[in-house]
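Notes for the one structure printed next.
Numbering (the working numbering), first residue to last: 1 to 317.
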C-alpha cells in the first residue's frame with residue numbers, strides 16, 4: 001500500500017484497469033514501459049545528433065559525455081554521479097558535473113489517427129505506438145534529456161514543451177492514454193493530419209533536436225514528404241513505422257468478407273498464389289519508399305511490429 005501510494009503521488013493516479021486488452025493504452029500500460037529502460041543500455045548510442053554549441057555524441061547521453069568539473073556533493077545531486085575514487089581520497093563526497101546537459105531536446109510526434117486503430121495480433125498499432133512513445137520518454141528522463149511530445153488524433157493536436165522535469169511525464173502519459181481510448185470512437189481522420197502535425201512541429205522547434213515520428217505512414221504523399229524533409233533539415237529525425245503482421249503477410253488461403261471505405265461488402269479471396277505474392281510486394285514497396293526517403297535526407301529509420309515486445313525491436317536501419 002505504501003509503494004502504491006508513493007507511485008500515485010509521483011506518477012499520478014492510474015486507471016483501475018491494468019490493461020486495455022490491446023485495444024487502447026491505459027495509464028498503467030504506459031507507466032509499465034519504464035521497466036524496459038534497463039534493456040536499452042546501448043540503444044542511445046545509435047542516435048547521433050549535431051548541435052550548435054558543439055559536437056553532441058548522443059541525444060540519449062547516459063554517462064558517456066564530456067566531464068566538465070568535479071565539485072563537492074550537495075543535497076539533490078544524483079548519487080550515480082558521485083566519483084567514488086575522489087570521495088575516498090578526499091574523505092568527503094564529490095560529484096561529477098557533465099557539460100552540455102541542458103542543450104538536448106528529444107520529441108515524440110505521435111500519430112494516433114483513426115488509421116492506427118488496426119491490429120490482428122496482441123494489440124492495435126495505436127497501442128504499440130503509444131507504448132513506444134512512453135518508452136522513449138522514460139529513456140529520456142533516465143538520461144536527463146529534455147522530453148517533449150506532439151500528439152494528434154487526425155483532428156486535434158496536443159503539444160508538450162520539452163522538459164527534464166519528471167512531473168511532466170504523467171501529464172503526457174495521461175493525454176496519450178485519453179487519446180488512445182477516444183480513438184476507438186473516431187469515425188475518420190483528416191487526410192492532412194500528419195502533414196499538419198509535421199508543420200506544427202517545425203514551428204515549435206527553436207533549437208536542433210531529435211524527433212521520433214511514430215506512425216504507420218500509410219499515407220506518405222508529396223505533402224508529407226516535403227514537410228518531413230524540412231523537419232529533417234532542422235533536426236535529427238527518426239521515422240518509426242508501426243506495422244501489423246496482416247499488412248506484410250496475407251491471411252490463410254480462403255475467402256473473407258470485408259467492407260470498403262464506402263461500407264460495401266466485398267469478398268476477399270486469398271487463395272491465388274499470384275495474389276499472395278502481389279499482396280506482399282505491395283507492402284514492401286510502400287515500406288521501401290519510406291526507407292529510401294530516410295536515406296536521402298539522412299533520417300533514421302526503425303520498424304516495430306505489434307506482435308513483438310517493443311524493447312526487443314529498437315534498432316535503426
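Backbone N, C-alpha and C define an ideal beta-carbon position, used for all residues, glycine too.
Round the Cβ separation of residue i and residue j to the nearest angstrom and send it over; I've been treating them as touching at under 8 Å.
i	j	result
residue 183	residue 219	The Cβ separation is near 17 Å, so there is no contact.
residue 201	residue 231	6 Å
residue 109	residue 229	With 8 Å as the limit, residue 109 and residue 229 do not qualify as a contact, their Cβ atoms being about 15 Å apart.
residue 22	residue 135	Wrong, their Cβ atoms sit about 17 Å apart, outside the cutoff.
residue 194	residue 234	Their Cβ separation, rounded to whole angstroms, is 17 Å, which puts residue 194 and residue 234 out of contact at 8 Å.
residue 289	residue 301	Not quite, the Cβ-Cβ distance comes to about 11 Å (not below 8 Å), so this is no contact.
residue 30	residue 177	6 Å
Identify the residues that DSSP records as bridge partners of residue i: which are they?
i	result
residue 369	Because residue 369 is not part of the residues shown, which for the chain are 1 to 317, the question remains open.
residue 300	238
residue 258	266
residue 94	72
residue 149	108, 160
residue 212	108, 238
residue 82	95
residue 305	243
Closest by CA to residue i, which one among the options?
i	options	result
residue 340	266, 104, 77	Absent from the structure is residue 340, since the part of the chain shown begins at 1 and ends at 317.
residue 150	159, 298, 253	159
residue 376	106, 129, 262, 205	Since the first residue shown for the chain is 1 and the last is 317, residue 376 is missing from the structure and cannot be characterised.
residue 293	221, 242, 86, 118	221
residue 107	30, 145, 82	145
residue 237	29, 250, 211	211
residue 143	90, 34, 251, 85	34
residue 223	242, 206, 234, 199	199
residue 253	245, 275, 86	275
residue 244	94, 118, 87, 36	118
residue 96	38, 69, 166	69
residue 121	263, 283, 38, 249	249
residue 171	278, 27, 279	27
Can you give me the Cβ contacts of residue i inside the same chain, cut-off strictly under 7 Å, excluding the 5 residues immediately before and after it?
i	result
residue 132	214, 240, 304, 310
residue 40	139, 311, 314
residue 251	270
residue 225	293
residue 179	112, 151, 153
Is it buried or exposed, residue i, if we count other Cβ atoms within 10 angstroms and call 16 or more buried?
i	result
residue 281	exposed
residue 247	buried
residue 259	exposed
residue 299	buried
residue 79	exposed
residue 24	buried
residue 217	buried
residue 209	buried
residue 308	exposed
residue 74	exposed
residue 272	exposed
residue 242	buried
residue 263	exposed
residue 277	exposed
residue 92	exposed
Would residue i pass as an interface residue toward chain B - the criterion being a Cβ-Cβ separation below 8 Å?
i	result
residue 155	Annotation note: the requested chain B is absent from the structure, which comprises a single protein chain.
Among the residues of its own chain, which have a CB less than 6 Å from the CB of residue i, if the five just before and after it don't count?
i	result
residue 148	107, 160, 161, 162
residue 181	24
residue 227	195, 198, 199
Short of 8 Å in beta carbon distance, which residues of its chain neighbour residue i, apart from the five on each side in sequence? Order them along the chain.
i	result
residue 268	255, 256, 257, 258
residue 94	70, 71, 72, 73, 82, 83, 86, 87
residue 266	257, 258, 259, 260
residue 90	none
residue 157	150, 151, 196, 197, 200
residue 279	250, 270
residue 37	135, 138, 139, 142
residue 19	26, 28, 29
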